[in-house]
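Number of protein chains: 2
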Amino acid sequence: MPAAALHPRASRPRSWWGWGYADARLDDAECAALGALLPGTLARPLPIPRVADLTIGRPAVTPPPSLAHLVTAEPRPRAAHAMGKAYRDVIRALRGRPGRIPDLVAHPAGDQDVADLLDWAGEHDVAVIPFGGGSSVVGGVEYRGGTHRAVLSLDLTAMDRVLEIDTASRSARIQAGALGPALEGQLRPHGLTLRHFPQSFEFSTLGGWLATRAGGHYATVHTHIDDFAQSLRVVTPAAAGTSWRLPASGAGPSPDRLFLGSEGALGVITEAWMRLQERPRHRASASVAFADLHRALDAVRAVAQSDLAPANCRLLDAGEARLSGASHDGSAVLVLGFESATAPVDDRLAVAVDLARAHGGRGGASPADGDAPADAAVGAWRSAFLRMPYLRDGLARMGAVVETFETAATWDTLPALIDAVRTEVGAAAEQTTGHPATINCRLTHVYPDGAAPYFTVAVAGRPGDEVAIWDEIKAAATDVLHRHRATITHHHAVGRDHRSGYDRQRPEPFALALHAVKNALDPQGILNPGVLLD
Amino acid sequence: MPAAALHPRASRPRSWWGWGYADARLDDAECAALGALLPGTLARPLPIPRVADLTIGRPAVTPPPSLAHLVTAEPRPRAAHAMGKAYRDVIRALRGRPGRIPDLVAHPAGDQDVADLLDWAGEHDVAVIPFGGGSSVVGGVEYRGGTHRAVLSLDLTAMDRVLEIDTASRSARIQAGALGPALEGQLRPHGLTLRHFPQSFEFSTLGGWLATRAGGHYATVHTHIDDFAQSLRVVTPAAAGTSWRLPASGAGPSPDRLFLGSEGALGVITEAWMRLQERPRHRASASVAFADLHRALDAVRAVAQSDLAPANCRLLDAGEARLSGASHDGSAVLVLGFESATAPVDDRLAVAVDLARAHGGRGGASPADGDAPADAAVGAWRSAFLRMPYLRDGLARMGAVVETFETAATWDTLPALIDAVRTEVGAAAEQTTGHPATINCRLTHVYPDGAAPYFTVAVAGRPGDEVAIWDEIKAAATDVLHRHRATITHHHAVGRDHRSGYDRQRPEPFALALHAVKNALDPQGILNPGVLLD
Chain A
0 MPAAALHPRA
10 SRPRSWWGWG
20 YADARLDDAE
30 CAALGALLPG
40 TLARPLPIPR
50 VADLTIGRPA
60 VTPPPSLAHL
70 VTAEPRPRAA
80 HAMGKAYRDV
90 IRALRGRPGR
100 IPDLVAHPAG
110 DQDVADLLDW
120 AGEHDVAVIP
130 FGGGSSVVGG
140 VEYRGGTHRA
150 VLSLDLTAMD
160 RVLEIDTASR
170 SARIQAGALG
180 PALEGQLRPH
190 GLTLRHFPQS
200 FEFSTLGGWL
210 ATRAGGHYAT
220 VHTHIDDFAQ
230 SLRVVTPAAA
240 GTSWRLPASG
250 AGPSPDRLFL
260 GSEGALGVIT
270 EAWMRLQERP
280 RHRASASVAF
290 ADLHRALDAV
300 RAVAQSDLAP
310 ANCRLLDAGE
320 ARLSGASHDG
330 SAVLVLGFES
340 ATAPVDDRLA
350 VAVDLARAHG
360 GRGGASPADG
370 DAPADAAVGA
380 WRSAFLRMPY
390 LRDGLARMGA
400 VVETFETAAT
410 WDTLPALIDA
420 VRTEVGAAAE
430 QTTGHPATIN
440 CRLTHVYPDG
450 AAPYFTVAVA
460 GRPGDEVAIW
470 DEIKAAATDV
480 LHRHRATITH
490 HHAVGRDHRS
500 GYDRQRPEPF
510 ALALHAVKNA
520 LDPQGILNPG
530 VLLD
Chain B
0 MPAAALHPRA
10 SRPRSWWGWG
20 YADARLDDAE
30 CAALGALLPG
40 TLARPLPIPR
50 VADLTIGRPA
60 VTPPPSLAHL
70 VTAEPRPRAA
80 HAMGKAYRDV
90 IRALRGRPGR
100 IPDLVAHPAG
110 DQDVADLLDW
120 AGEHDVAVIP
130 FGGGSSVVGG
140 VEYRGGTHRA
150 VLSLDLTAMD
160 RVLEIDTASR
170 SARIQAGALG
180 PALEGQLRPH
190 GLTLRHFPQS
200 FEFSTLGGWL
210 ATRAGGHYAT
220 VHTHIDDFAQ
230 SLRVVTPAAA
240 GTSWRLPASG
250 AGPSPDRLFL
260 GSEGALGVIT
270 EAWMRLQERP
280 RHRASASVAF
290 ADLHRALDAV
300 RAVAQSDLAP
310 ANCRLLDAGE
320 ARLSGASHDG
330 SAVLVLGFES
340 ATAPVDDRLA
350 VAVDLARAHG
360 GRGGASPADG
370 DAPADAAVGA
380 WRSAFLRMPY
390 LRDGLARMGA
400 VVETFETAAT
410 WDTLPALIDA
420 VRTEVGAAAE
430 QTTGHPATIN
440 CRLTHVYPDG
450 AAPYFTVAVA
460 GRPGDEVAIW
470 DEIKAAATDV
480 LHRHRATITH
490 HHAVGRDHRS
500 GYDRQRPEPF
510 ALALHAVKNA
520 LDPQGILNPG
530 VLLD
């Protein structure tokens, strides 16, 4: 599956209710086998939901003839645009209670279409939900509550072309609706790559990455898509504009940084000049095992505070390592990977492995420099990584409640934070369900001053109460993060599910500023209402 | 001089009208010798201006007793806070026509003082000019025009302490008024360094660096102070707040990035948690000479697009190289420097030198790894770098007009941009003065997608017309940058002198946003009026 998933056919159908490709979902037997690992789950999987079973009304508004060719009111695309792909979304679909189905889905072909649709929506009190690949796991692409007359899902994926390439500056102008594979496919003939590979790579767009500050391929230095944005074009209800293509600037506050992370609430990013990379010619990777997670954290900190800049520096706790096949003896595993288009990287790997061993790591023999990951753990990890969301949907079908969340914190608080999440979120999950919960943790991105842990919580639910249970687990997680001053999100975005944590975290001067910007750029309040602010 | 300048005594008097330390200025004979190099300058230097010769009126407002201890109305500090240290400022002082002398100078001791002063100023229509080291070269710290009842210069330098150090996360909480040497002096006992060394290091503050997005020590990767800011505390007239200490976050648009580059127009940065470095243990440097500047640009691009990440990658054109003693044969010189606290850097230097040689470079023998720069050109460059502003003041005393400006542009436009600046700005300088002009160029910071050139223009002026001539040269430079879509500033900030270029460069949605933020955070419009926006 993973290999095929990286080379999607345009015609390969996507699931309207679950993650990714419809044909990649677990079959009933696989679901049952998975459920058997989690005490208290259902005896047999919930059935696959059908669009035909949904109640989908007539749209409350009709677009004018000039926009009619861009807009559809067909049931299936409307159902597929009702929500993102969070566990909360999947279980609601499985339980036949999806989020508000949008009245219309629009597929603009260019900037002017976007501006025209925003104008029309503003005049008719229609909420507009910008929609890329729809892979949001934070309630970022649904309409939840509110008083708008109608809801339009603004699907950007018809705008998927690489428009211009500047090889001297290794940059390309790319439309925001390009999905990962389409984008890379257009860059490949030029020997260039954006090299941004989030877990959602196949099912998310450049515009979505930019609007949510997506975390990408690199575990160190340039960890977010932010750093690769050279210039943005933004269409807002009040004005449209493009920042200059600049390698860097000190001219006032960065205009791009205001729209990076704006999650469709301030404007629609329609295209961007992106900084590209040469494809790496040299690679080396290794994994190092640790008996003790806290010593492993010290090892990762030593690597992060060096200037070795590994492309991959993932620390898997014992549960994650077992799940991905990287280790079966209860060890935590640090997966290190280096790559370069300039020079061999074996020396850097060797220094990193030495640092890890100095903190109690075992293994990590320096493999040969070459194209393929030399260590079996690395390959096992990659396959499992792409497969995980499908497994989550399988667990959902078995009535489990699954929550994945991530954060970032400075090193001084990180060990206590990880312990507290295990203890407190685990207790919340067990108390609310009466079943034993599993919590795994990995570090996905590391910094000289801290790191980003990613947690997976799984527990059997009570049939029909899954959303309420999920909400309790989420509240417990939000509370732990808040008390440790760990960000409510490192790269999943705020959306609607993280609003309470975000509101507590956002400093007051910036809250005032953001509200002022929202009023100035979206005076009618039609853009993604409820995301980031009310 | 340079060695002493790096270890300032607290009591060493600063010049009120010119750059840096009063005792470091050129004497009359040195000024005359320098003037002799530039045809058409005066026969003898203009006299040193005296505060006693200025007309300094009584303040138009009186602070309340509760704030009186923070505020002075003495002539000398008021004169020293009237302007920054641009050429335009120095020549105005030399000609006895300085900028508007502020009514009062305040030295707050902490956040509450800042908030109280802003409250009082807001109630009494007093413009507040935040003032760090006062080294602005863009008119960033003066009051120019406007209708306020009075002007208060808010000098932050009494807030100069390192308040807290987190060694695990290599971070420190530092008050914004700390000048470079005071800041480094407090970090040194902990084996840590901010390693931010702008040319103004001795005479500028952390808050000034943050508010202007200062360019620092590193020529690649983390080139601006922005990247080292972990959390900011900001006091605005509307609210005060502190962002969380985070190594990274994806929770909405970055709150800190809105205040980085806000130049005192949106709020006062009072303290920051900053990311620190270990002191480097390994260093290596070399210089490579090029007969042709365009081939040298290709070499720099190759290095910038590698992942070698030199700490120093300065390209000096023939004029710059001659001026700094790095070369006397008309060659351009590329100065490469690597440093690391992790591992020896000779290999990286060797690969970089090979890349440079492959593009026609000569020299660059790999020196030994050690503490001291092995190449004479490197040392010569450093001394000249710190001396340059004093030379500029010497030229100003000889009636010359000197303008230094910097920008950044993508590689595809860079060679044409540099040629156009030479030709067009040179022609403007010569036409308006009738004297031959000198234009030198160096690259200070380099990126995979472009670089930041820094230009120095010098030409003999017409006595008394220097400001008008400077304005014409600046207008020509602004025009060339605009036509090449090169930023109006890479690290000097916008201030008041770059407003016309900034206004043309700023995309419309961000202009609307910035005005809205200004109105929300500074509703009375007292903060640094005229900077960034009206």
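Chains as they are written, first to last, in numbering that gives the first Met the number 0: chain A, 0 to 533; chain B, 0 to 533.
Idealized CB from N, CA, C, for every residue including glycine.
Small disclaimer: the values here were computed from a predicted structure and weren't measured.
In terms of Cβ geometry, F337(A) and S284(A) form a close pair [threshold 9 Å].
Using beta-carbon distances, T241(A) counts as an interface residue toward chain B, with a partner under 9 Å. Taking the CA atoms as reference points, L25(A) sits about 37 Å from R274(A).
Taking C-beta separations shorter than 7 Å and ignoring five residues to either side along the sequence, the partners of T192(A) in its chain run E183, L186, L275, Q276, R278, following chain order. Taking 3 residues as the minimum length, the beta strand (DSSP E) runs contained wholly in the segment 156–197 of chain B are 161–165, 170–174, in order along the chain. Within its own chain, the residues whose Cβ lies closer than 8 Å to the Cβ of L257(B), once the five positions on either side in sequence are excluded, are L265, V516, listed in chain order. Ranked by how close their Cα comes to the Cα of P508(B), the residues G206(A), G425(A), V233(A), P188(A) have V233(A) in first place. Selection G179(A), K84(A), D159(A), G109(A) evaluated against V137(A) yields K84(A) as nearest (Cα-Cα). Per DSSP, reduced to three states, the secondary structure at A351(B) is helical. Under the Cβ distance rule, R356(A) does not count among the residues neighbouring chain B, no pair being separated by less than 9 Å.
In the structure shown, the three-state DSSP call for D26(B) is coil.
Taking a beta-carbon distance threshold of 9 Å, V140(B) does not count as an interface residue toward chain A. Using a CB distance cut-off of 9 Å, Q304(B) counts as an interface residue toward chain A. Comparing alpha-carbon positions, the option among L69(A), K473(A), N518(A), A512(A) lying closest to D496(A) turns out to be K473(A). The segment 116–161 of chain A is shown to contain whole beta strand (DSSP E) runs of 3 or more residues at 125–130, 149–154, in chain order. Contacts between P522(A) and chain B, judged by CB atoms closer than 9 Å, are missing: the closest CB pair is about 10 Å apart.
Under DSSP, V334(B) takes part in a beta bridge, and its partners are S286(B), R313(B). In the structure shown, the three-state DSSP call for Q523(A) is coil.
Distance from the CA of A167(A) to the CA of W410(B), rounded to the nearest whole angstrom, comes to 6 Å. Proximity of F130(A) to chain B, defined by a Cβ-Cβ separation below 9 Å, is not satisfied. By the Cβ rule, the segment 356–364 of chain B does not count as touching the segment 520–527 of chain A, because fewer than three pairs are nearer than 8 Å. When DSSP reads this structure, E402(B) sits in a beta bridge with V456(B).
By the Cβ-count criterion, S10(B) is exposed, with fewer than 16 other Cβ atoms from all chains shown falling within 10 Å of its own Cβ.
Residue contact with chain B for I468(A): absent (no Cβ-Cβ distance below 9 Å to any residue of chain B). Residues of the segment 183–203 of chain B with a C-beta atom less than 9 Å from some C-beta of chain A do not occur.
Shortest Cα-Cα distance from L333(B) to any of D316(B), D346(B), G494(B), R347(B) involves D316(B). Inter-segment contact for the segment 244–258 of chain B and the segment 296–305 of chain B is absent: fewer than three beta-carbon pairs are separated by less than 8 Å.
In this structure, H481(A) and H444(A) do not form a Cβ contact; the two beta carbons are roughly 21 Å apart against a cut-off of 8 Å. By the rule that beta-carbons nearer than 9 Å mark a contact, I417(B) does not touch chain A.
Contacts with chain A at 9 Å (Cβ-Cβ) do not include N311(B). No Cβ of chain A is located within less than 9 Å of the beta carbon of F404(B). Looking at G56(A), A492(A), R503(A), the one whose alpha-carbon comes closest to that of V479(A) is R503(A). Judged by DSSP secondary structure, T269(A) falls within the beta strand (DSSP E) whose first and last residues are 267–274. Per the DSSP secondary-structure output, A239(B) pairs in a beta bridge with V234(B). Take G329(A), set aside five residues on each side of it, and the residues of its chain with a beta-carbon closer than 6 Å to its own are A317, in chain order. Per DSSP, R87(A) is not a residue of any beta strand (DSSP E); the alpha helix (DSSP H) it occupies stretches across 86–93.
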